[in-house]
Amino acid sequence: MWDSGSLNRALERLTANEFPDVHRVATPNVCGSRFHSYCCPGWKTLPAGNQCIVPICRNSCGDGFCSRPNMCTCSSGQLASTCGAGTVMNCNVRCMNGGSCNEDSCTCQKGYTGTHCGQPVCENGCQNGGRCIGPNRCACVYGFTGPQCERDYRTGPCFTQVNNQMCQGQLSGIVCTKTLCCATIGRAWGHPCEMCPAQPHPCRRGFIPNIRTGACQGTWGLPQ
């Protein structure tokens, strides 16, 4: 039988092993979480540094310098995707992210779209409010992680009863993920209250997906 004591002990173990410090990295131009952080698209670190403060330009900046991702500041002060002779000849639009210009249209590099190639493409989309910040790279809102922001690690109260769409029987002292609550004795979770699915997914009751691998694992040493 599950009770608040066993749930609390399991929560402590899982918190240490599965959800130790997942969060959006807050330093400039860094994406991901502590599990996997990386420079956001268009940025890199200094040779001997660990801050993502150096912009990357796909094209040569010639007599200018790379001032922001795929954008050069030319000696004339003009912003362009490249600098030098013929930089703006026969080009009536500004193409971003390495796109090439032909009179009044841009041909975009793979992974970008839009009139000026300024919109990155995430082929599988970004879920749960995440946004596409680079080719197949999502920036997730707090509480979600994964390539498409599909993994939910928000924490909240766990309820053992639902009557007339009202959540009741909150477990005292328990704050856990929806996945953990619904995999055990929970029938609803969170504020505002969210009903647990009738059939836990993708793992059956008593098991939760590993946040790193996605494989189902027993939460209390139950037989696999």
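The C-terminal residue of the sequence shown carries number 228 in the working numbering, and the numbering is unbroken. Note that CB positions come from ideal geometry on N, CA and C, so glycine has one too. Source: prediction; values computed, not measured.
Cβ pair residue i, residue j closer than 8 angstroms
i    : j    : result
C126 : C142 : yes
S64  : T86  : yes
C78  : G68  : yes
A187 : G210 : yes
P139 : G115 : yes
V97  : C112 : no
Y236 : T181 : Lying before the first or after the last residue shown, residue 236 is absent from the chain, which here runs from 5 to 228.
N74  : N101 : yes
N54  : C43  : no
G160 : G190 : no
G66  : G81  : no
Residue i, enclosing beta strand (DSSP E) - first and last residue
i    : result
C35  : 34–36
I212 : 211–213
N132 : Per DSSP, N132 belongs to no beta strand (DSSP E) and is neither H nor E.
T164 : 162–167
T111 : 109–111
A143 : 141–143
Q203 : That residue, Q203, is in no beta strand (DSSP E); it is neither H nor E in DSSP.
C105 : 104–106
The alpha helix (DSSP H) enclosing residue i, as first and last residue numbers
i    : result
T183 : 182–187
Alpha-carbon spacing of residue i relative to residue j, whole angstroms
i    : j    : result
C220 : G134 : 25 angstroms
T223 : C171 : 24 angstroms
A61  : C121 : Just to set this straight, residue 61 is Cys in the shown sequence, not Ala. Each residue's Cα considered, the two are about 14 angstroms apart.
V92  : C207 : Low per-residue confidence applies at V92: pLDDT is 45, beneath 50, and the placement is therefore not dependable enough to give any value.
W47  : S41  : 13 angstroms
I212 : C185 : 10 angstroms
G103 : T117 : 9 angstroms
Helix, strand or coil at residue i according to DSSP, with G and I counted as helix
i    : result
R98  : coil
F39  : coil
T77  : strand
E222 : Checking the displayed sequence, the identity of residue 222 turns out to be Gly instead of Glu. Note: G222 maps to strand in three-state DSSP.
D67  : coil
G53  : coil
L83  : strand
S176 : coil
R72  : strand
Of the residues the options, the one placed nearest residue i, counting alpha carbons only
i    : options                : result
C153 : I137, T223, V166, Q113 : I137
T183 : P201, H195, D108, G53  : P201
Q165 : C197, T149, G147       : C197
M199 : M100, Q131, Q169       : Q169
T217 : G81, T149, T117, I178  : T149
C130 : A52, C144, C99         : C144
P59  : S80, P45, G66          : P45
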